[in-house]
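Here the structure is laid out as structure tokens; the discussion comes afterwards.
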Amino acid sequence: MEYSAESLGRDLKSVRKYFGSGKTKEESWRESQLKGLQNFLVEREEEILRALKKDLGKHYVEAFRDEVGTLGKALNFAKKHLKKWMAGEEAKLPKIALLSSAEIVPEPLGLVLIISSWNFPFGLSLEPLIGAVAAGNTVVLKPSEMSPTCSSLLATVLPTYLDNNAIKVIEGGPEVGKLLLEQQWDKIFFTGSARVGRIVMSAASVHLTPVTLELGGKCPALVDSLTSSWDREVAVKRVLVAKFGACAGQACIAIDYVLVEKSFSSTLVTLMKAGIKKMFGENPKESNTVARIVNHKHFMRLKNLLTDPRVKDSVVYGGSMNEKDLFIEPTILLNPPLDSPIMADEIFGPVLPIITVEKIEDSIEFINSRPKPLAIYAFTKNKTLHKRLLSETSSGSLVFNDAILQYVVDTLPFGGVGECGFGKYHGKFSFDAFSHHKAVARRSYFTDFWYRFPPWTLNKLQL
Ligand code: NAD
């Protein structure tokens with residue numbers, strides 16, 4: 121469908137009018153939309169999994185794990201807690217506010233815009249949508265044009281499960297995105313690159329619209345030498361799946377690179393090679409368990425990173441690719457130059473550089489000399505190192521002995537810091553991201569402290 125500023129303006133006017141009717145504030149309306157989302161996931165599961173296979177080559181177990189399953193869990197959580205979230209909370213008062221009561225009342229913001237990315241096309245669109253409808257907003261969702269089958273399913277089928285007076289799904293790329301950003305919103309929730317994040321923020325400044333920016337970055341994983349072979353094997357498995365088994369590394373919280381002590385690096389490489397073979401077979405391309413690169417442009421970007429003459433020699437495993445099939449083999453690099461683009465830019469693909477440090481503790485300085493990551497992962501049982509990482513580094517999240525776990529925990533805020541963006545969501549944090557927390561105070565007519573009102577006659581200091 122073609123959109124113009126005029127037609128969009130008309131549509132949005134009617135959605136605003138609907139918000140004004142108060143319908144979306146009703147608890148029953150919010151519940152019905154969450155139920156609609158749940159029915160969409162259950163009844164359309166097969167179409168969703170097929171779309172993810174078509175656009176991204178995700179194996180159906182991976183697709184279920186990361187999208188349908190994770191969203192189902194988030195929906196159950198929202199449905200279970202909706203009443204409590206809507207109720208707000210009582211606020212404690214200082215003694216000075218005699219005979220008063222106060223509460224924090226959440227209210228919907230109004231008409232909100234969600235712009236999402238392609239790598240988890242359902243999760244990154246519907247997880248914020250859960251928060252937006254739970255909080256009682258009307259919503260326009262623009263999924264990414266780069267996963268077109270998923271985007272089309274969201275635009276054509278999802279609306280049949282939802283209240284179309286309040287929720288619109290608009291398909292399109294940057295042009296449509298620009299058109300949307302010219303409109304006035306009560307909140308913009310954006311998932312994508314820092315480049316477009318800046319465009320979103322500057323558009324939002326025109327109307328002083330609040331924004332949440334969920335951006336990317338380079339997430340490091342420290343792997344300590346862990347003495348027991350069981351621990352080592354578990355750590356390696358978790359590292360590999362967080363890099364190669366989640367949209368082939370095209371995930372904002374995928375491990376971007378590994379930091380390891382020089383003395384442990386060759387053992388780690390050996391364990392990783394064996395681990396990759398175990399997970400993806402001798403010929404990963406045939407295994408159908410490694411997702412594909414989203415499009416030719418990204419394939420070429422990754423190919424250029426890998427074939428950079430300064431980087432090529434650091435390949436210790438993998439490196440094969442198939443342009444026609446947009447396939448890149450799980451690839452390990454050992455010590456590529458730190459000033460090469462692969463160590464400067466977010467990789468967003470199945471290529472894992474391992475960087476050696478003298479002592480694992482040196483990783484702290486390494487991390488702190490770069491922009492704050494969206495996530496830091498630390499595979500270590502060293503409690504002193506745990507404490508140091510907690511207090512001496514800054515990141516959107518910090519996970520010990522696992523990776524990506526933080527994304528599925530509804531009680532944890534998900535979001536970035538520094539150049540990875542700001543704002544947070546998931547669980548109650550999503551509800552809060554789309555609510556205004558109104559301060560409400562109630563006072564009795566009974567009494568006041570004498571010094572509240574002039575005339576003041578006491579003048580102790582003779583001023
Ligand atoms: P992108 O910024 O190119 O696109 C994101 C969305 O913005 C898409 O829907 C796109 O159509 C739209 N868009 C593009 N140009 C626009 C413009 N000029 N005006 C308005 N809208 C515009 O990013 P991408 O390629 O979809 O995603 C990759 C990046 O997103 C990576 O950096 C990744 O780390 C990050 N990301 C972050 C998270 C997170 O949760 N923090 C999740 C997924 C991806």
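121 is the number of the first residue of the sequence shown in the working numbering; add one for each residue after it.
Don't be surprised by glycine CBs; every beta carbon is placed ideally from N, CA and C.
Less than 7 Å between the CB of residue i and some heavy atom of the ligand NAD, yes or no?
i	result
Glu265	yes
Glu539	no
Asn403	no
Ser272	no
Arg315	yes
Asn239	yes
Ile235	yes
Phe400	no
Leu335	yes
Gly297	yes
Lys262	yes
Phe468	yes
Cys372	yes
Report the residue from the options whose alpha carbon sits nearest the alpha carbon of residue i.
i	options	result
Asp283	Phe573, Lys357 and Glu151	Glu151
Ser124	Arg164, Val378, Lys199 and Gln303	Gln303
Ala553	Met321, Ser349, Lys307 and Val356	Lys307
Thr387	Lys548, Glu353, Gln370 and Leu172	Glu353
Ser220	Glu291, Thr567, Asn579 and Lys133	Thr567
Lys558	Leu458, Glu227 and Val431	Glu227
Thr500	Ser514, Glu485, Asn488 and Glu481	Glu481
Ile375	Gly293, Leu494 and Ile319	Leu494
Val331	Phe310, Ser348 and Gly337	Phe310
Gly188	Val359, Gln526 and Leu161	It should be noted that the sequence gives Val, not Gly, for residue 188. Per the Cα distances, Leu161.
State the start and end residues of the unbroken alpha helix (DSSP H) segment that holds residue i.
i	result
Glu449	Per DSSP, Glu449 belongs to no alpha helix (DSSP H) and is neither H nor E.
Pro248	Gly243 to Ala254
So residue i is in the beta strand (DSSP E); what residue range does that whole segment cover?
i	result
His556	Ser555 to Arg563
Phe309	Lys307 to Thr311
Val435	Val435 to Tyr437
Tyr377	Tyr377 to Glu381
Lys423	Here Lys423 belongs to no beta strand (DSSP E); instead the alpha helix (DSSP H) covers His416 to Thr427.
Tyr527	Where Tyr527 is concerned, there is no enclosing beta strand (DSSP E), given that its DSSP letter is neither H nor E.
Ile475	Val471 to Val477
Leu261	Thr258 to Lys262
Phe499	Ala495 to Phe499
Ala69	With the chain covering only 121 through 583, there is no way to say anything about residue 69.
Counting C-beta neighbours from all protein chains within 10 Å, is the total for residue i 16 or more, i.e. buried, or is it exposed?
i	result
Glu381	buried
Met392	buried
Thr577	exposed
Glu209	exposed
Phe569	exposed
Glu182	buried
What did DSSP end up calling residue i once you bin it into helix, strand or coil?
i	result
Glu334	strand
Val410	coil
Lys97	Outside the modelled stretch of the chain, which goes from 121 to 583, sits residue 97, for which no answer is possible.
Pro228	strand
Lys288	strand
Ser272	helix
Asn442	strand
Gly395	helix
Leu213	coil
Leu328	coil
Ile480	coil
Phe573	coil
Leu518	strand
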